[in-house]
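Below is one structure, written out as structure tokens; comments come after it.
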Amino acid sequence: MNARHKAFDELNKIDMDEKISQAKATLHSHGLHLRKAEKKTNKQKRQDWINKNTLLLNFGEEGLA
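Final position of the sequence shown in full-length UniProt numbering is 65; the numbers increase by one with none missing.
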């Protein structure tokens with residue numbers, strides 16, 4: 001598994017966490033309160049991922065061109 005593949009696996013996990021959080025929020029009102037905190041956390045995880053992997057993604061695109 002190369003670094004680019006691992007990076008996208010990590011992004012997919014972040015996206016799945018977001019989807020699970022959304023689903024839990026629709027089940028009960030307590031979930032809505034948790035959702036607010038999880039949404040903020042997931043947004044920060046996604047931004048951290050982008051910051052960490054921008055160079056890798058840009059380098060990978062040049063390699064494909």
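Virtual Cβ for every residue (Gly too), placed ideally from N, Cα, C.
Around the C-beta of Asn42, 16 or more other C-beta atoms lie within 10 Å, and the residue is accordingly described as buried. Residue state for Asn53 is assigned as helix, using DSSP reduced to three classes. When DSSP states are grouped into helix, strand and coil, His33 belongs to the helix group.
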